[in-house]
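Comments concern the structure below.
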Amino acid sequence: DAGVTQSPTHLIKTRGQQVTLRCSPKSGHDTVSWYQQALGQGPQFIFQYYEEEERQRGNFPDRFSGHQFPNYSSELNVNALLLGDSALYLCASTAGPSASGNTIYFGEGSWLTVV
Amino acid sequence: GENVEQHPSTLSVQEGDSAVIKCTYSDSASNYFPWYKQELGKRPQLIIDIRSNVGEKKDQRIAVTLNKTAKHFSLHITETQPEDSAVYFCAAPTSGGSYIPTFGRGTSLIVHP
């Protein structure tokens, strides 16, 4: 049973560039959420996708956008990269978006460094 | 929205001692409280969780207690081992229709052999 998989694992980008991160949810899961984890901080919620639509969004600017595909996989896009976007980006999947207490499974994350 | 405070930020113990990490939350409607362990360079992994209809849950050397009146919940690790060294995060649900957890800032636990 494959868990949550993310790619790439590490990448370095220059300020102003754009980046796309990818995620495949755990088998049987249909809901994908993205989190940003800066060094020394807890994960911060970016947004959640279910049925190919953005269902909820955290306090992140429009430079952060996403997509969910019919096979439930998802992409996170960040435009006009800033130095402050350097972080670990975690994808998490659950079985359904709304039931409180659904166990969240995290992927290993994508380490983004913006120089 | 939910506000989660986690203390302490760093905890250093000797092997075999107990460790306690405490979190407080603000939304009285919150009803699910997980704890995650994150080793260096790894993903956060769920280690234990508790729902609001119980006051305590135990799994071998780890336990979680919940005080809904005071709006706080704690992680207890007994007989700590060096492999328990990691960052621990608590979480509480953010208000709204979907379950979106708000995470604490984390506690770095160091267990000295």
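Top line first, the protein sequences correspond to chains A and B. Going by our numbering, the first residue of the first sequence is number 101, and it counts up by one from there. Going by our numbering, the first residue of the second sequence is number 84, and it counts up by one from there. We put the CB at the ideal spot given by N, CA and C, even for glycine.
For the beta strand (DSSP E) that contains residue i, what are its first and last residues?
i               : result
P143 of chain A : Looking at the DSSP string, P143 of chain A is not in any beta strand (DSSP E), and its letter there is neither H nor E.
F116 of chain B : Y115 to Q121
L212 of chain A : S210 to V214
F164 of chain A : F164 to Q168
D142 of chain B : E139 to D142
T114 of chain A : First-last for T114 of chain A: undefined, no H or E at that position.
V170 of chain B : A169 to P176
Q118 of chain A : Run containing Q118 of chain A: none; DSSP gives neither H nor E here.
E88 of chain B  : E88 to H90
I193 of chain B : T190 to H195
I133 of chain B : Q128 to R134
Y189 of chain A : A187 to T194
I104 of chain B : A102 to T107
Q106 of chain A : T105 to S107
Y135 of chain A : T131 to Q137
If you check the beta carbons only, do residue i and residue j fall under 8 Å apart?
i               : j               : result
S95 of chain B  : K154 of chain B : no
T213 of chain A : S193 of chain A : no
R157 of chain A : F147 of chain A : yes
T190 of chain B : A174 of chain B : no
R144 of chain B : T161 of chain B : yes
Y172 of chain A : P125 of chain A : yes
Y119 of chain B : I130 of chain B : yes
S113 of chain B : N86 of chain B  : no
H159 of chain B : V194 of chain B : no
Can you tell me whether residue i is buried or exposed? The criterion is at least 16 other CB atoms within 10 Å of its CB, across all chains shown.
i               : result
C128 of chain A : Correcting the residue identity first, residue 128 of chain A is Gly in this sequence and not Cys. It is exposed - the Cβ of G128 of chain A has fewer than 16 other Cβ atoms within 10 Å.
Q118 of chain A : exposed
A102 of chain A : exposed
S133 of chain A : buried
A180 of chain A : exposed
Would you please verify whether the beta carbon of residue i is less than 8 Å from any beta carbon of chain B?
i               : result
T146 of chain A : The sequence shown places Ile at residue 146 of chain A, rather than the Thr named in the question. It does not: the Cβ of I146 of chain A has no partner Cβ on chain B nearer than 8 Å.
G207 of chain A : yes
Q156 of chain A : yes
I112 of chain A : no
T203 of chain A : yes
Who are the neighbours of residue i on chain D, taking C-beta pairs under 9 Å?
i               : result
G189 of chain B : Absent here is chain D; the protein component of the structure consists of chains A and B.
Under 8 Å between C-beta atoms, does residue i make it to chain A?
i               : result
P91 of chain B  : no
F156 of chain B : no
P165 of chain B : no
I183 of chain B : yes
For this session: Select from the stretch 104 to 129 of chain B all residues with a C-beta closer than 9 Å to any C-beta belonging to chain A, and list them in chain order.
Result: S113, N114, Y115, P117, Y119, Q121, G124, K125, R126, P127, Q128 and L129
For this session: Check each residue of the stretch 181 to 194 of chain A: if its Cβ is closer than 7 Å to any Cβ of chain B, include it; give the result in chain order.
Result: Flagged, chain order: L190.
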